[in-house]
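Notes follow once the structure below has been shown.
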Amino acid sequence: MKFLSNIGKYFLMLQSVFGKFTKWRILKQLILKDIDTLVIGSLGIVAFISFFVGGVVSIQTALNLENPLLPKNLIGFATRQSVILEFAPTFISVIMAGKVGSYITSSIGTMRVTEQIDALEVMGINTYNYLIFPKIVALSLYPLIICLSMFLGVFGGYIACVYGGFSSSSEFIEGIQLDFIPFHVTYAFIKTAFFSFILATIPSYHGYYMTGGALEVGKASTVSFVWTSVVIILLNYLITQLLLT
Amino acid sequence: MIHVENISKSFEGTPVLKGISTVFEKGKTNLIIGQSGSGKTVFLKCLLGLFETDSGRIKFENKALDEMTNKDRSILRQEIGMVFQGSALFDSMTVEENIMFPMQMFTKKDNEEIRARANQVIKRVNLINANEKFPDEISGGMKKRVAIARAIVMNPKYLFCDEPNSGLDPKTAILIDNLIKEITEEYNITTVINTHDMNSVMEIGEKIVFLKHGKKAWEGTKEEIFDTDNEAVTNFVYSSELFKKVREVYLKD
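If you read the protein sequences in the order shown, they are chains A and B. FYI, the working numbering numbers position 189 of the first sequence as 195, with every residue one higher than the one before it. FYI, the working numbering numbers position 250 of the second sequence as 755, with every residue one higher than the one before it.
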């Protein structure tokens, strides 16, 4: 029952987010601040992880191609498919659920614990809109992060493969271009758009409705990470089933 | 003036407020006192509209809170200033930005006018050289001053304070109490203070409502506290040796 009640509360929260809007000059500042913290602040870690995981995917593919009859361009092909279809959109989103999600839950949760949300409510401000809407808008730029992740993932694969001596540069590039289906990129970005909304709203929900003190802020961040990851994985399955089968 | 008529509130079947009625008068410092867990904070949050009451009515200048439209409530909230127990300052903003915030939110004034008004109230609450500091860089007493400045910057009709001097040393606590009293008289506002500090009661209490187990057990003035034979009040007020002695001296005189 509590589970159903939480789902209901989540959707009521979403309704309130798009209720009474905060004054534009304030909202603009909040959106810019959230873009800086949530999007620009994540570029470094996403770039680092994408580059090295792309490299590892490429090396592991190369090491599994034992049959000399298999063409070397399969390394580039497998790296591209893994990075574009799953690694960049889904697994970077799960990583972001830890980084961005925990930040959102703990920052809103701390505001709840220190009565800052009550102070906003007493002033007559729609706190859902004030706190959550800027995060939804800021994370609408999240596909740009995934775009960067796709590029660096494949690039990392290229560097690891070519400089590791697993295939030549031309074979890897040929593999990247092999049987390329542009819809796969569209599919990845459709997933990303849904994930960005999930990344902004589920952690906000856990922060907004938390009760207790500092210890509970930590607990709420953990619960938020778990639920955001679960929803991302389930949604990934559902979208893949709908779009690729 | 705020009229409270027979309000009750419970959480998951546990009654917290039981049929409280009282009047908070304009231009006076009205105090709600009682032990921890007596329902003071819930009562204050009901007055603020942060909690819906189960029954009864709260009227602001004869306008019932439950009959107000969203627009009326929105207007009322802009007439309310609130000082929270932990000050509730926005930690991502400087002192000046915290005080400017309500005006930026609800007025069409330009930034210069807003800054001028903010500096006026900063001066009024005696905050010196703190404009550019963040809340975690100032003392507890200064935080309370900032919270008071933010609460009065919009010229409110009602000022609510939840334990305004908790965590402060006795000297600073008296300064904060006196500041609230002065502001109440100067702006002619209805001030409601939630406290369990008997020094505050003796210092600034003009009307006192005593809560026990969610019920109004007594109400009166600070002078009447000395004469009352209400056992619940005397047990609470004279729980410290100091106040017992004060009462003895008072009654002798």
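Just so you know, even glycine gets a beta-carbon here, dropped at the ideal spot from N, CA and C.
Would you call residue i buried or exposed, if buried means 16 or more other Cβ atoms sit within 10 Å of its Cβ?
i: residue 17/A; result: exposed
i: residue 54/A; result: exposed
i: residue 553/B; result: buried
i: residue 148/A; result: buried
i: residue 69/A; result: exposed
i: residue 46/A; result: exposed
i: residue 519/B; result: exposed
i: residue 141/A; result: buried
i: residue 197/A; result: buried
i: residue 578/B; result: exposed
i: residue 231/A; result: buried
i: residue 238/A; result: buried
i: residue 220/A; result: exposed
i: residue 691/B; result: exposed
i: residue 210/A; result: buried
i: residue 675/B; result: exposed
i: residue 121/A; result: buried
i: residue 647/B; result: buried
What are the start and end residues of the beta strand (DSSP E) that includes residue i?
i: residue 510/B; result: 507 to 516
i: residue 521/B; result: 519 to 529
i: residue 61/A; result: Not the beta strand (DSSP E): residue 61/A falls in the alpha helix (DSSP H), residues 49 to 70.
i: residue 630/B; result: Counting along the chain, residue 630/B falls outside any beta strand (DSSP E), and DSSP gives it neither H nor E.
i: residue 725/B; result: 720 to 725
i: residue 665/B; result: 663 to 667
i: residue 754/B; result: Element bounds for residue 754/B: not the beta strand (DSSP E) but the alpha helix (DSSP H), 746 to 757.
i: residue 126/A; result: Per DSSP, residue 126/A belongs to no beta strand (DSSP E); it is in the alpha helix (DSSP H), 122 to 128.
i: residue 639/B; result: Segment: none, residue 639/B is in no beta strand (DSSP E) and carries neither H nor E.
i: residue 713/B; result: 712 to 717
i: residue 697/B; result: 695 to 700
Could you work out which residues of chain A lie near residue i, taking near to mean beta carbons separated by less than 8 Å?
i: residue 650/B; result: Within 8 Å Cβ-Cβ: nothing; residue 650/B doesn't reach chain A, min ~16 Å.
i: residue 543/B; result: Ordered by position in chain A, no residue passes the 8 Å Cβ test against residue 543/B, which lies about 20 Å from the chain.
Residue range of the alpha helix (DSSP H) that residue i falls in?
i: residue 581/B; result: 575 to 583
i: residue 4/A; result: Lying outside 7 to 251, the shown extent of chain A, residue 4/A is not represented and no answer is given.
i: residue 223/A; result: 220 to 250
i: residue 683/B; result: 675 to 692
i: residue 26/A; result: It is not in any alpha helix (DSSP H) - residue 26/A carries neither H nor E in the DSSP assignment.
i: residue 741/B; result: 736 to 742
i: residue 33/A; result: 30 to 40
i: residue 107/A; result: No alpha helix (DSSP H) contains residue 107/A, which DSSP labels as neither H nor E.
i: residue 92/A; result: Per DSSP, residue 92/A belongs to no alpha helix (DSSP H) and is neither H nor E.
i: residue 102/A; result: 98 to 102
Taking C-beta pairs closer than 7 Å, name the residues in chain A that residue i reaches, listed in chain order.
i: residue 585/B; result: 128
i: residue 553/B; result: 128
i: residue 661/B; result: The contacting residues do not exist; residue 661/B stays about 10 Å from chain A at best.
i: residue 607/B; result: 129
i: residue 621/B; result: By Cβ distance, chain A contributes nothing, its closest Cβ being about 18 Å from residue 621/B, past 7 Å.
i: residue 705/B; result: By Cβ distance, chain A contributes nothing, its closest Cβ being about 20 Å from residue 705/B, past 7 Å.
i: residue 513/B; result: Near residue 513/B there are no residues of chain A at all, since even the closest Cβ is about 22 Å away, more than 7 Å.
i: residue 744/B; result: Going along chain A, no residue has its Cβ under 7 Å from residue 744/B, so there is no contact; the nearest lies around 27 Å.
i: residue 486/B; result: The shown model of chain B, from 506 to 758, leaves out residue 486/B, and the question about it has no answer.
In chain B, which residues lie with their C-beta within 8 Å of the C-beta of residue i?
i: residue 180/A; result: Going along chain B, no residue has its Cβ under 8 Å from residue 180/A, so there is no contact; the nearest lies around 51 Å.
Check the Cβ of residue i against every Cβ in chain C and list those closer than 8 Å, keeping chain order.
i: residue 610/B; result: No chain C is present in this structure, whose protein chains are A and B.
By the criterion of Cβ-Cβ separation under 9 Å, what are the contact partners of residue i in chain A?
i: residue 589/B; result: 120, 121, 122, 124, 125, 128
i: residue 582/B; result: 127, 128, 129, 130, 131
i: residue 595/B; result: 117, 122, 125, 126
Give, in chain order, every unbroken run of the alpha helix (DSSP H) that is at least 4 residues long and sits entirely within the region 140 to 206 of chain A.
The region 140 to 206 of chain A contains these whole alpha helix (DSSP H) runs: 148 to 169, 175 to 183.
Please confirm if the region 523 to 535 of chain B is in contact with the region 211 to 225 of chain A, defined as three or more CB-CB distances below 8 Å between the two stretches.
No, the region 523 to 535 of chain B does not touch the region 211 to 225 of chain A.
Enumerate, from N- to C-terminal direction, the unbroken beta strand (DSSP E) stretches of 3 or more residues contained entirely within the region 534 to 613 of chain B.
Qualifying beta strand (DSSP E) stretches, in chain order: 534 to 539, 560 to 565, 585 to 588.
Would you be able to state if there are at least three C-beta pairs under 8 Å between the region 170 to 182 of chain A and the region 106 to 115 of chain A?
Result no; under three Cβ-Cβ pairs closer than 8 Å.
Taking 8 Å as the cut-off, does the region 556 to 572 of chain B touch the region 93 to 107 of chain A (at least 3 CB pairs, one atom from each stretch)?
Result no; under three Cβ-Cβ pairs closer than 8 Å.
Is the region 697 to 707 of chain B close to the region 622 to 631 of chain B, with three or more CB pairs under 8 Å?
Contact between the region 697 to 707 of chain B and the region 622 to 631 of chain B is absent, because fewer than three Cβ pairs lie under 8 Å.
Taking one C-beta from the region 585 to 604 of chain B and one from the region 633 to 642 of chain B each time, how about it: are there three or more such pairs within less than 8 Å?
Three or more Cβ pairs closer than 8 Å define a contact, and the region 585 to 604 of chain B meets that threshold against the region 633 to 642 of chain B.
Indicate whether the contact test is met: 3 or more Cβ pairs, each with one atom in the region 79 to 93 of chain A and one in the region 173 to 190 of chain A, closer than 8 Å.
Contact between the region 79 to 93 of chain A and the region 173 to 190 of chain A is established, with three or more Cβ pairs separated by less than 8 Å.
Are at least three pairs of beta-carbons, each pair with one atom in the region 530 to 550 of chain B and one in the region 712 to 731 of chain B, less than 8 Å apart?
Touching, yes.
Pairs of beta-carbons, one from the region 18 to 33 of chain A and one from the region 125 to 137 of chain A, closer than 8 Å: are there three or more?
Between the region 18 to 33 of chain A and the region 125 to 137 of chain A there are three or more C-beta pairs closer than 8 Å, enough to call the two in contact.
Contact between the region 576 to 591 of chain B and the region 651 to 666 of chain B is defined here as three or more beta-carbon pairs at a separation below 8 Å; is this criterion met?
The region 576 to 591 of chain B makes contact with the region 651 to 666 of chain B: 3 or more CB pairs, one atom from each, lie closer than 8 Å.
Within the chosen definition, does the region 669 to 688 of chain B reach the region 603 to 621 of chain B through at least 3 CB pairs nearer than 8 Å?
Contact fails: fewer than three Cβ-Cβ distances are below 8 Å.
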